[in-house]
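Colleague:
Residue numbers (UniProt numbering): 1 to 203.
1. From 21, 74, 84, 181, pick the residue whose C-alpha is nearest to that of residue 117; which is it?
2. Could you give the distance in angstroms between the alpha-carbon of residue 232 and the alpha-carbon of residue 149?
3. Which stretch, first to last residue, makes up the beta strand (DSSP E) that contains residue 54?
4. Output yes or no for whether 8 Å exceeds the beta carbon distance between residue 95 and residue 74.
5. What are the boundary residues of the beta strand (DSSP E) that includes residue 126?
6. Which residue comes first and which comes last in the beta strand (DSSP E) that contains residue 160?
7. Is DSSP giving residue 82 helix, strand or coil here?
8. Going along the chain, which residues of its own chain have a beta-carbon closer than 8 Å to the beta-carbon of residue 127, five neighbours each way excluded?
9. Taking the alpha-carbon of residue 53 as reference, which of 178, 100, 113 has the nearest alpha-carbon?
10. Thinking C-beta only, is residue 135 closer than 8 Å to residue 147?
11. Are the region 160 to 173 and the region 185 to 199 touching, with three or more C-beta to C-beta distances below 8 Å?
12. Based on the DSSP secondary-structure assignment, which residues constitute the bridge partners of residue 120?
13. Look at the Cβ atom of residue 133, then the Cβ atom of residue 78, and state whether they are nearer than 8 Å.
14. Three-state secondary structure (DSSP) at residue 30?
15. Could you spell out where the alpha helix (DSSP H) holding residue 17 opens and where it closes?
16. Among 81, 143, 67, whose alpha-carbon lies nearest the alpha-carbon of residue 103?
17. Do you know whose CA, among 97, 198, 177, 197, lies nearest residue 59's CA?
18. For residue 99, write down the residues that DSSP places opposite it in a beta bridge.
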């Protein structure tokens with residue numbers, strides 16, 4: 001404000017009013033020394049892609065590996081379709097550094113969403129809705145590998161579903177609200193490339 005009163009209104013520029021040094025210093029600090037800024041892993045295309053899709057609970061405003069307990073590191077039902085339950089480093093960072101699931105995306109508020117196909121009156125439609133973990137908890141979701149008839153209806157009268165809190169049970173087809181878009185939905189891009197993943201002894 002003081003600079004505005006001393007400057008000529010006709011010749012005034014943003015550079016004369018604002019000192020950009022603090023802004024430049026904070027940008028340099030973030031990209032140069034911050035824990036959240038890293039050189040990209042470029043050994044191969046998959047390594048680069050995985051690095052770009054990494055989720056980190058450490059760093060400024062996050063957790064510290066010394067104080068993080070089992071509850072924070074463990075797999076949670078809300079991770080389904082959002083964070084890969086398999087791809088996490090071994091050692092002190094286990095469970096604190098994860099990977100975005102294959103179809104997961106961030107919404108405008110920074111929450112991870114996962115897609116589901118809408119089911120109306122026991123028939124699967126082509127409408128795809130992206131849901132956050134708290135929204136998803138209100139609905140009944142069927143698996144992607146559930147057997148369907150050619151018209152999109154469920155082939156069996158009772159379907160294995162996930163309900164509130166990630167609990168699984170058999171329910172009538174008419175009670176299903178959504179169905180997964182793909183069997184790869186719950187794992188990351190790199191994990192989805194492992195052949196016969198369900199028979200992988202380590203997982």
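All C-beta atoms, glycine included, are put in the ideal place defined by N, C-alpha and C. Small disclaimer: the values here were computed from a predicted structure and weren't measured.
Modeller: If we stick to the structure as given:
1. 181
2. This structure leaves residue 232 out entirely; the chain is present only between 1 and 203.
3. 54 to 56
4. yes
5. 123 to 131
6. 158 to 162
7. coil
8. 117, 118
9. 100
10. no
11. no
12. 123
13. yes
14. helix
15. 14 to 17
16. 81
17. 97
18. 54
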